[in-house]
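All residue numbers for the sequence shown refer to my numbering, where the first residue is 669 and numbers rise by one. A short write-up of the structure that comes next.
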Amino acid sequence: MKFQFAVLFVTAITAAASFWDAPYPEELKLQHGPTLLILVGMASSSVWFRMSNLSFTCIIAFLMLHIIGARWIYSFVPYDKWTDTLFGIELTQHFGWQRNHYDRLVHFASGLLLTPPASELVQRAGRMRPCAAAVTSIAVVLAVGAIYEILEWQIATFFSPAAAESYNGQQGDVWDPQKDMALAWFGAVIAAVIVFRCSFDPIKGQSVSS
669 MKFQFAVLFV TAITAAASFW DAPYPEELKL QHGPTLLILV GMASSSVWFR
719 MSNLSFTCII AFLMLHIIGA RWIYSFVPYD KWTDTLFGIE LTQHFGWQRN
769 HYDRLVHFAS GLLLTPPASE LVQRAGRMRP CAAAVTSIAV VLAVGAIYEI
819 LEWQIATFFS PAAAESYNGQ QGDVWDPQKD MALAWFGAVI AAVIVFRCSF
869 DPIKGQSVSS
C-alpha cells in the first residue's frame, strides 16, 4: 500500500507540474477534472479495495498518458518535435497524417490498459472465472468509454464552440467518437486475450489455471 500511495503522490505532483507554463491553462483545468477524480478514487481503492500492483500500474500508465495529453489539450501534443529531436523524423510528415493522432493513442491505451483492472474488478466482486471476466471487462471498458463520449457531447452542447473543440479534440472529424470507441475496443480485445491467457489471479498476484 505504501508503494501505491507513493506512486499516487508522484502522479499528483506530475499533474500539478503540468500547469507550469501551460499553453492552454483554462482548458487544462477542465481536462484535469477527470484526473482529480481518478486520483481520489485510486487512493480510496488502495485502502478499501487494494487492487493488485498490475492493475494499479496499468491505471497509472493510462493516467500519465492523459496528463501529457491534457497539458497540450490533446490536439497539440508536440510528438513531431519529440521524434524529430530523438530520431530525426516527424511522424506527421512521414506517415502523411492530416491531424494530431495523440488522442487516438490514448483511446487505444484506454482499452489496452484499463481492461486488466476491469477484469480484476469483476473477478473479485462478481466471482467470475477468467474467461468470463475477460469478456465482461471489454464491455466494462466500452461502457466507460461510451459514457465519456456522451460527456464530450454535453460539453459540445453547453460550452462555447472553441472550448468544446479544445476539450474534445475532434479536429474537424465528424466520426471522431466512433473512431475513438473502435480503438478502445481494439485495445480492450488485445488486453482481454492476454488477461485470459495469463489467467492472472488479482488476489494472489500470480497466474492460475483458467
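Glycine included, each C-beta is placed from N, C-alpha and C at the ideal position. Since this is a predicted model, take the numbers as computed values, not measurements.
Integer Cβ distance of residue i from residue j, believed to fall under 8 Å
i, j, result
"A786", "V803", "Not a contact, Cβ separation roughly 11 Å."
"I735", "T703", "7 Å"
"D771", "Y742", "4 Å"
"T679", "L733", "So it is not a contact: roughly 12 Å between Cβ atoms."
Burial state of residue i, where buried means 16 or more other Cβ atoms lie within 10 Å
i, result
"G756", "exposed"
"M669", "exposed"
"E694", "exposed"
"F957", "The structure shown has nothing for residue 957, since the chain only spans 669 to 878."
Backbone CA spacing between residue i and residue j [nearest angstrom]
i, j, result
"A711", "R767", "36 Å"
"I728", "F763", "29 Å"
"V715", "W688", "31 Å"
"R795", "V774", "30 Å"
"P746", "D841", "20 Å"
"I823", "Q699", "12 Å"
"I818", "M849", "12 Å"
"W853", "G709", "24 Å"
From the options, residue whose alpha carbon lies closest to that of residue i
i, options, result
"I806", "H769, L819 and E788", "E788"
"Y692", "R739, I862 and V715", "R739"
"F671", "E694, E695, T783 and R718", "R718"
"C799", "C866, V678, V708 and F687", "C866"
"A814", "R797, Q846 and T825", "Q846"
"W843", "W821, T825, F826 and A860", "W821"
C-beta contact flag for residue i and residue j at 8 Å
i, j, result
"L780", "I681", "no"
"F776", "L851", "yes"
"T760", "D752", "no"
"T783", "A856", "yes"
"L676", "L707", "yes"
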